[in-house]
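Listed in order, the protein sequences are those of chains A and B. Per this note's numbering, residue 6 is the first one in the first sequence, and the count goes up by one each step. Per this note's numbering, residue 329 is the first one in the second sequence, and the count goes up by one each step. C-beta atoms are modelled at their ideal positions from N, C-alpha and C, and glycine is treated no differently. Only a predicted model underlies this, so the values are computations on that prediction, with no experimental measurement involved. Since the structure comes first, as structure tokens, the remarks are kept for the end.
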Amino acid sequence: TQLLEQSPQFLSIQEGENLTVYCNSSSVFSSLQWYRQEPGEGPVLLVTVVTGGEVKKLKRLTFQFGDARKDSSLHITAAQPGDTGLYLCAGLKSGGYQKVTFGIGTKLQVIP
Amino acid sequence: DSGVTQTPKHLITATGQRVTLRCSPRSGDLSVYWYQQSLDQGLQFLIQYYNGEERAKGNILERFSAQQFPDLHSELNLSSLELGDSALYFCASSVEGMSTQYFGPGTRLTVL
Numbered sequence: 006t007q008l009l010e011q012s013p014q015f016l017s018i019q020e021g022e023n024l025t026v027y028c029n030s031s032s033v034f035s036s037l038q039w040y041r042q043e044p045g046e047g048p049v050l051l052v053t054v055v056t057g058g059e060v061k062k063l064k065r066l067t068f069q070f071g072d073a074r075k076d077s078s079l080h081i082t083a084a085q086p087g088d089t090g091l092y093l094c095a096g097l098k099s100g101g102y103q104k105v106t107f108g109i110g111t112k113l114q115v116i117p
Numbered sequence: 329d330s331g332v333t334q335t336p337k338h339l340i341t342a343t344g345q346r347v348t349l350r351c352s353p354r355s356g357d358l359s360v361y362w363y364q365q366s367l368d369q370g371l372q373f374l375i376q377y378y379n380g381e382e383r384a385k386g387n388i389l390e391r392f393s394a395q396q397f398p399d400l401h402s403e404l405n406l407s408s409l410e411l412g413d414s415a416l417y418f419c420a421s422s423v424e425g426m427s428t429q430y431f432g433p434g435t436r437l438t439v440l
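Here it is, written out as structure tokens:
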């Protein structure tokens with residue numbers, strides 16, 4: 006059982022469409038991160054959200070951390086083929102040393 | 329390019345064998361993390377080292393071991409390999425225990 010559930014697991018959309026992917030947990034995290042991973046490469050950090058209710062924008066990407074710090078969402082506006090990749094959320098728990106748990110990811114394909 | 333290097337890029341071996349994966353962290357980073365990524369389990373945290381000492385352990389099997397050397401590079405040793413050990417193995421590094429992790433390009437291990 007995954008501590009962090011991501012949905013949907015697969016998403017195929019047309020260029021220009023909007024989409025939202027979700028990351029849910031029953032656990033509270035001190036912060037939550039979103040990564041993007043392309044085939045043959047390691048994950049690259051997109052954003053870290055720390056405060057419950059926090060919203061961060063990165064160009065066409067909007068990240069939200071739930072009020073209770075158990076869930077998060079990533080919304081992409083006007084998706085581009087370059088957005089194609091695996092989107093991973095990762096929950097971090099404080100307490101000495103970094104303990105990070107990754108979700109299984111959402112595989113996004115944006116069709117031109 | 330994250331600045332983290334991993335060798336080899338690909339490794340094909342047989343069941344029962346032993347392999348060593350190598351990771352060089354970004355210049356100045358003291359923490360090294362090892363992850364295993366498979367299709368059904370996603371990215372699983374294995375182990376973390378900080379300045380040569382083990383700091384946190386995740387879902388690492390007893391057949392697996394790691395170490396971080398005085399020059400801060402790290403090696404992950406996998407022994408008595410099984411078919412199920414086939415996966416991508418990523419190394420990540422960070423300045424200290426709670427800061428942003430930078431991932432290497434990974435080693436793809438195939439056990440036949």
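Would residue i pass as an interface residue toward chain B - the criterion being a Cβ-Cβ separation below 8 Å?
i      : result
A/V105 : yes
A/G21  : no
Report the residue from the options whose alpha carbon sits nearest the alpha carbon of residue i.
i      : options                : result
B/L358 : B/G386, B/V423, B/F392 : B/V423
B/H401 : B/Q372, B/F392, B/E381 : B/E381
A/E43  : A/C28, A/A83, A/L93    : A/L93
A/T89  : A/I81, A/K62, A/A95    : A/I81
B/F431 : B/Q365, B/N379, B/A342 : B/Q365
Per DSSP, what are the beta-bridge partners of residue i in this structure?
i      : result
A/D76  : A/N29
B/V423 : Beta-bridge pairing links B/V423 to no other residue.
A/Q131 : Given a span of 6 to 117 for chain A in the structure shown, any question on residue 131 of chain A remains unanswerable.
B/Q334 : B/C351
Between residue i and chain A, is there a C-beta pair that is closer than 8 Å?
i      : result
B/P433 : yes
B/T333 : no
B/L358 : no
B/S330 : yes
B/A394 : no
Would you mind sorting residue i into buried or exposed? The rule is 16 or more other CB atoms within 10 Å of its CB.
i      : result
A/F15  : exposed
A/F107 : buried
A/V33  : exposed
Skipping 5 residues on each side, what residues in its chain have a beta carbon closer than 7 Å to that of residue i?
i      : result
B/G356 : V423
A/L50  : Q38, Y40
Can you find the residues in the same chain that come closer than 8 Å, C-beta to C-beta, to residue i, ignoring five residues on each side of it along the sequence?
i      : result
B/T343 : L409, E410, L411, V439, L440
Please work out which residues of its chain come closer than 6 Å, Cβ to Cβ, to residue i, disregarding the five sequence neighbours upstream and downstream, and give them in chain order.
i      : result
A/V105 : A95, L97
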